[in-house]
Amino acid sequence: MNVAANRSDHGPAKEGLIAVIPLGRVGEDVLRVVADSLQGILRLPVDLLEPEPLPPEAFMELRNQYNAMTIIKHLSNNRPGKTMKILGVTTKDLCNPILTYVFGEAYMNGAAAVLSCYRLHRGRESEFAPREVFLERVVKVALHEIGHTFNLPHCHSGRCVMRASNTLAELDDKLNYLCDYCEMFLSEAVRDMLEREKGGAPQDAS
């Protein structure tokens with residue numbers, strides 16, 4: 098399924114360069130809001146791929162969580178066609194070797210990122226957050242992690258979506274868009290990616 102495949106602010110539509118893949122069962126509204134938000138910030142069409150299971154080697158039995166770094170490596174090494182950036186979406190809990198949990202993870206300037214909805218459902222004053230709050234959190238994590246794949250570092254400017262957030266309170270305090278500086282940085286990075294694609298240069302799988 099392709100989201101607005103003919104819309105692009107970078108000339109002719111570039112199908113297949115950006116993709117979102119559900120890892121296991123993920124709500125259609127979640128996938129749609131992620132794809133739409135990425136398309137909005139990148140000004141490129143976004144492909145929604147068919148669901149795939151989480152890689153079994155990513156499961157950490159002692160922690161009952163999935164290693165986000167292992168998932169990213171799997172996604173990077175199994176990108177379809179001409180896809181240069183891919184974002185995995187899962188409802189399972191993620192961690193990495195350093196942190197007890199992560200909302201999302203990405204390699205800087207890499208090809209893949211992953212986000213987890215697992216903790217984003219939680220309310221700050223009740224058991225569950227309102228649906229609109231949950232979906233806004235999903236968007237913020239998606240934009241943040243895909244920003245890292247374009248080499249955007251953590252931002253210290255106000256409430257930019259690239260600011261680091263390790264708690265729901267910090268995540269909720271951020272805006273769901275980039276500051277002017279990060280937006281300029283991202284635009285240049287997207288142009289560079291399109292130039293590499295035009296020239297046939299491979300994307301680093303790290």
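Here the sequence shown stands for residues 98 to 303, where the numbers follow my numbering.
Beta carbons: idealized from backbone N, C-alpha and C, even for Gly.
Predicted model, so just to flag it, every value in this text is computed and none were measured.
Proximity winner among the options, relative to residue i (alpha-carbon distances)
{"i": "Ile168", "options": "Arg160, Leu196, Pro150 and Pro177", "result": "Pro150"}
{"i": "Ala132", "options": "Glu154, Asp144 and Arg122", "result": "Asp144"}
{"i": "Gly185", "options": "Val123, Ala266, Phe231 and Leu159", "result": "Val123"}
{"i": "Arg140", "options": "Pro153, Leu291 and Leu249", "result": "Leu291"}
{"i": "Asn273", "options": "Glu229, Glu294 and Asp289", "result": "Glu229"}
{"i": "Gln136", "options": "Glu202, Ala239, Leu172 and Gly201", "result": "Ala239"}
{"i": "Ile243", "options": "Val287, Asp190 and Tyr215", "result": "Val287"}
{"i": "Val199", "options": "Asp126, Asn263 and Lys295", "result": "Asn263"}
{"i": "Gly113", "options": "Ile138, Arg176, Gln162 and Val127", "result": "Arg176"}
{"i": "Asp190", "options": "Lys170, Tyr204, Ser173 and Asn164", "result": "Asn164"}
{"i": "Lys179", "options": "Pro152, Ala116, Val235 and Ser213", "result": "Ala116"}
{"i": "Cys252", "options": "Glu147, Gly296, Ala209 and Met281", "result": "Met281"}
{"i": "Lys237", "options": "Met205, Arg293, Glu267 and Pro152", "result": "Glu267"}
{"i": "His241", "options": "Ala226, Ser213, Asp289 and Ser173", "result": "Ser213"}
{"i": "Asp289", "options": "Phe231, Asn206, Val127 and Ala226", "result": "Asn206"}
{"i": "Pro210", "options": "Leu217, Glu233, Met181 and Pro227", "result": "Reading off the sequence shown, one finds Ala at residue 210, where the question assumed Pro. Among Leu217, Glu233, Met181 and Pro227, the Cα nearest to that of Ala210 is on Met181."}
{"i": "Tyr278", "options": "Asp270, Arg129, Ser254 and Leu217", "result": "Ser254"}
{"i": "Tyr204", "options": "His218, Val235, Arg234 and Lys170", "result": "Lys170"}
{"i": "Gln162", "options": "Gly296, Lys271, Tyr215 and Val235", "result": "Tyr215"}
{"i": "Ser134", "options": "Leu159, Asp270, Arg234 and Asn174", "result": "Arg234"}
{"i": "Leu146", "options": "Pro227, Pro153, Arg129 and Arg160", "result": "Arg129"}
{"i": "Pro152", "options": "Leu159, Asn174 and Ala226", "result": "Asn174"}
{"i": "Leu172", "options": "Leu159, Pro148 and Arg160", "result": "Pro148"}
Residue-chain proximity (residue i, chain B), Cβ-Cβ < 8 Å
{"i": "Glu224", "result": "Protein chains in the displayed structure number just one, and chain B is not present."}
Continuous beta strand (DSSP E) stretch holding residue i: start and end
{"i": "Tyr278", "result": "Element bounds for Tyr278: not the beta strand (DSSP E) but the alpha helix (DSSP H), Asp277 to Gly296."}
{"i": "Ser213", "result": "Ala209 to Ser213"}
{"i": "Glu242", "result": "Per DSSP, Glu242 belongs to no beta strand (DSSP E); it is in the alpha helix (DSSP H), Arg228 to Thr246."}
{"i": "Glu202", "result": "Gly201 to Ala203"}
{"i": "Ile169", "result": "Careful: Ile169 lies outside any beta strand (DSSP E), inside the alpha helix (DSSP H) at Ala165 to Asn174."}
Residues bridged to residue i [DSSP beta-bridge criterion]
{"i": "Val127", "result": "None, per the DSSP bridge assignment."}
{"i": "Val186", "result": "Pro119 and Leu212"}
{"i": "Pro219", "result": "Sequence inspection shows Arg at residue 219; the Pro mentioned does not correspond to that position. Paired residue(s): Phe225."}
{"i": "Leu191", "result": "Tyr163 and Val199"}
{"i": "Met259", "result": "DSSP lists no partner for Met259."}
{"i": "Met181", "result": "Per DSSP, none; premise fails for Met181."}
Inter-residue CB distance, residue i and residue j (contact presumed, cutoff 8 Å)
{"i": "Thr187", "j": "Leu283", "result": "That pair is no contact at about 24 Å."}
{"i": "Met166", "j": "Glu202", "result": "7 Å"}
{"i": "Ala155", "j": "Ile183", "result": "No, Ala155 and Ile183 are not in contact; Cβ-Cβ is about 15 Å, not under 8 Å."}
{"i": "Val127", "j": "Leu232", "result": "7 Å"}
{"i": "Leu275", "j": "Ile138", "result": "7 Å"}
Residue range of the unbroken alpha helix (DSSP H) whose run includes residue i
{"i": "Leu265", "result": "Leu265 to Asp270"}
So, do the stretch 181-196 and the stretch 255-262 have three or more beta carbon pairs nearer to each other than 8 Å? No, because fewer than three Cβ pairs between the stretch 181-196 and the stretch 255-262 fall closer than 8 Å, the two stretches do not touch.
Under 8 Å, with one C-beta from each stretch per pair, do the stretch 248-255 and the stretch 217-236 reach the 3-pair mark? no
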